[in-house]
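Count along the sequence shown starting at 1, add 24, and that's the number in the working numbering. Below is one structure, written out as structure tokens; the observations come after it.
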Amino acid sequence: MVPVYVHQPVSDVVAPDRRLVGFARVTLEPGASQTVKVSFPASKLAVTPADINADGRPAVEPGAYQARVDNLTASFTLQ
């Protein structure tokens, strides 16, 4: 299994240090490698604090994020 975790280095809300947002199952023979694509909707980044929106519904906080797979990290920003 290839899990993808997301971390938000700077946030106005308290959220888990890393959140599982997607994964892919792959089966490999010993010594084999494979490129795997894992995608996830931005809604997986939603949090539910009242200070993001007035009605308390989950919302995605804009800002910088990091996606992590094993020891690889990719940064992205949501506006």
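Using N, Cα and C, we set each Cβ at its ideal position, and we do this for glycine too.
CA nearest to the CA of residue i, picked from the options
i: D36; options: S67, F64, L102, P86; result: P86
i: V39; options: L69, F47, S57; result: Looking at the sequence itself, residue 39 is Ala, so the reference to Val does not match. The candidate whose alpha carbon is nearest that of A39 is L69.
i: V71; options: D94, M25, L96, R43; result: R43
i: Q90; options: V45, M25, V26; result: V45
i: P27; options: V62, S99, F100, P33; result: V62
i: A48; options: V60, P54, A56; result: V60
Three-way DSSP call (helix, strand, coil) for residue i in this model
i: L44; result: strand
i: A83; result: strand
i: L52; result: coil
Same chain only: Cβ atoms within 8 Å of residue i, ignoring 5 sequence neighbours per side
i: A66; result: V84, L102
i: Y29; result: R42, R43, L44, V45, A91, R92, V93
Residue range of the beta strand (DSSP E) that includes residue i
i: S63; result: Run containing S63: none; DSSP gives neither H nor E here.
i: S99; result: 96-102
i: P27; result: 26-31
Beta-carbon proximity list for residue i, same chain, < 7 Å, skipping 5 on both sides
i: V50; result: V26, Q58, V60
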